[in-house]
Each structure stands twice: as structure tokens, then as C-alpha cells.
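Remarks on the structure that follows.
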Amino acid sequence: MEVNAARALAGARTCFVGIGLPSTAANLARRTVNPDLVLVYESGTLGSKPTRLPLSIGDGELADTADSVVSVPEMFNYWLQGGRIDVGFLGAAQVDRFANINTTVVHRGPGRPEGRLPGAGGAPEIAASCGQVLMVLRHSPRSFVGALDFVTTLGHGGGPGDRAALGLPGAGPAAVITDLGVLRPDPVTAELVLTELHPGVTLQQVRAATGWDLKEADRIGVTAPPTAAELAALRALKAAISDGQSPTRETPGIRTGATLDSRRGETPVTRTADSPRAPTAGTHRSRNDA
């Protein structure tokens, strides 16, 4: 799943990254298919090059390895809502057939307490303003539901034209990548359809894990198995955080990949060797093997 999600970023220039599976995929993409990918996090970091998976958007590793750190209002008002980010990468607790997202609350039935979720974060703005949105989550009937318990983030609304009617500039969700396959919106109906299966997965498995009558493309492809290099990069990335390791950093002030400003003539402040450095979080351990 993470490998195929990383591959989806092969042609992207900039990616607004959510924590969890999206962050794993985006950081893997930088190490494999797209070393020039500029990672952007909502805490205000531009061009972060973390040596391990960040624990949160406030992880010091993101600021410590960034080309520039800006305020949160600047990040959202200028960079995101100004149309300067190609791809938003999000996770979800629930998603419906039009790729709308719930990360707020789950209703457990009469007499049972509601299950509170982490909340929106920056997801509504990311989904509204990025050029397109990719999503990654595990495929189960609890996650792929016929009706959301709460609409936190708009995907394609109720169908074609809903985003345009609301004046949203971004194209919305372009793909939902799961541990079973890949779903994409139908170009006419905007409803998610199954376009690819992972090796060894059957159509029946995907249908059983989906809470609506899932449609499939005329021809369903099969994703390529992960290469040895992709698996090695993914394992190294996860091992760095589980073992509390932090490999040798890139030299502050030296950019090893494309930067956010290079195609727009905009110049974020770049660190130099004398710049103040945020404390690292390299000794933290993860309780999450996303």
C-alpha cells in the first residue's frame, strides 16, 4: 500500500503531507520515485527532508531539515490557498463513494457512546485548494461506508459539479489507495470505481470490504509488485523511527532537491550553517507502525 501510494507521487512537484500513512508514502517517494519532491507540512515547514518518519506535524525533525519555516497563517493563506501546492495527501477514518472524508466522529448505535476521532486538522483546506488530492487508508467496511457519520472534508460532494458550485479551486480526490487496490473517481459520475488490484487480491475481497455497491472499471489492472529497492527504502524508513535512529543529515543550507520557489520565482528563506536549529526528536520511539 505505502509503495503504491509513493508511486502516485512520481510526477508531483509539491505535496502537502498528512501525518500517518500519507507521511510514510510521501517520504518514501522522496527516497525512490521522486527525490526532488518538495514536502510541505501544515505546521509551516517547506521542503522538509526528514531522516525518519515524523511523529506529528510539530515534530522538530521537520523544521530542522526544512528549506524554510513560515507561520501557519502564511502556510495556509499564501502557499495552500494561493494555489501553490500540487498534491494534497490525506488519510481518513471513513470515506464514502464520492471520496468525502470523516475524521471527526463515529456513531456506534443507540445507547453506545460516540467514538471521537482526531478531527479535521488542515484536511478541509488541503482538499479544497490543492491541485488534486490523493488518499491512503486500509480497506474495510468500517472505513469504506455507504454514508458518513459526519462530513469533515469534502471530496466530490454528492457528485459532478458540487465542487465547482462551491467555488473550490482544486480538482479534488484523484485516487484512493488501499491495501487491496486503487479506486479512482469516474470521470462522468465522480463515484469511486475500482481500477487496480494488488497482486493476489480478488474483486470479491474488495467488494466485501466496501460498504456500498462498488463499481469497477471496464478493465481492472494489477499493480506492479514492490521492487527490492522500494522495500529496502520502506524498511529503512520505518526502522529509523522504531529504533530511535536518525541517519546522517543533509548539510543545512544546501538543497539536494528542487525547492518550492524554483518554478515561480519565489524564494523561501534557506537555512545556513549559522541558522538556529530546532531540537531534533531523533530519540523518540513510535507507538505506531503505520
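Just add 150 to the spot in the sequence shown (first one is 1) and you have my numbering. Virtual Cβ for every residue (Gly too), placed ideally from N, Cα, C.
So, using beta-carbon positions, are residue i and residue j closer together than 8 Å?
i	j	result
VAL286	ALA175	yes
GLY361	GLY296	yes
THR182	ALA383	yes
ALA359	PRO274	no
VAL153	GLU380	yes
LEU304	ASN250	yes
SER293	VAL245	yes
ASN227	VAL301	no
Let's see if you can read the secondary structure: which residues bound the beta strand (DSSP E) around residue i?
i	result
VAL283	282-286
VAL332	331-335
LEU196	195-198
THR164	164-167
LEU189	188-191
ASP363	Per DSSP, ASP363 belongs to no beta strand (DSSP E) and is neither H nor E.
ILE327	323-327
PHE226	First-last for PHE226: undefined, no H or E at that position.
LEU95	Outside the shown range of the chain, which is 151 to 440, sits residue 95, and nothing can be said about it.
PHE239	237-240
Would you report the Cα separation of residue i and residue j, rounded to the nearest angstrom?
i	j	result
VAL167	ASP299	25 Å
SER221	TYR191	11 Å
PRO268	ALA243	9 Å
VAL237	GLY281	6 Å
GLY259	THR377	44 Å
ARG413	ALA277	Since pLDDT at ARG413 reaches only 39, below the 50 mark, its modelled position is unreliable, and the value read off the structure follows with that caveat. Computed Cα separation, rounded: 23 Å.
ALA367	GLY210	43 Å
GLY170	GLY241	7 Å
VAL219	LEU330	37 Å
ASN177	PRO375	19 Å
VAL338	GLY322	14 Å
ARG421	ALA216	Summary for ARG421: the model assigns pLDDT 43, below 50, so the residue's position carries little reliability; its value from the coordinates is reported in the next sentence. Straight-line Cα distance between these residues: approximately 8 Å.
GLU264	THR254	10 Å
CYS165	PHE239	7 Å
ILE327	ARG234	24 Å
LEU364	SER193	36 Å
ALA156	LYS199	15 Å
LEU203	PRO172	11 Å
ALA314	GLY161	25 Å
ARG266	PRO335	28 Å
PRO185	GLY261	51 Å
ALA270	ILE207	14 Å
ALA389	LEU205	14 Å
ASP214	THR195	9 Å
ARG163	ALA386	24 Å
VAL356	MET225	38 Å
Using alpha carbons as the reference points, say which of the options lies closest to residue i.
i	options	result
ALA325	PHE248, VAL338, SER173	PHE248
LEU159	ILE169, ARG369, VAL188	VAL188
LEU318	GLN231, GLY208, ARG180, PRO185	GLN231
LEU212	GLY197, ALA390, LEU178	GLY197
HIS289	PHE226, GLY371, GLN354, PRO223	GLN354
TRP450	SER279, ILE207, GLY208	Residue 450 lies beyond the range of the chain shown here (151 to 440); nothing can be said about it.
THR352	ASP336, GLY371, PRO335	GLY371
ALA179	MET151, LEU316, VAL356	MET151
ARG369	ALA386, LEU344, PRO223	LEU344
Are the C-beta atoms of residue i and some chain B residue less than 8 Å apart?
i	result
ARG258	Here there is only one protein chain, and chain B is not present.
What residue range is occupied by the uninterrupted alpha helix (DSSP H) comprising residue i?
i	result
THR345	Unbroken run through THR345 is the beta strand (DSSP E), 342-347; no alpha helix (DSSP H).
GLU211	210-214
ALA249	ALA249 -> no alpha helix (DSSP H), and no H or E assigned at all.
VAL153	152-157
LEU304	No alpha helix (DSSP H) contains LEU304, which DSSP labels as neither H nor E.
PRO172	171-181
ILE276	273-279
ARG313	312-315
Across the region 347-365 and the region 305-313, are there enough close Cβ pairs to call them in contact, namely three or more that are closer than 8 Å?
no
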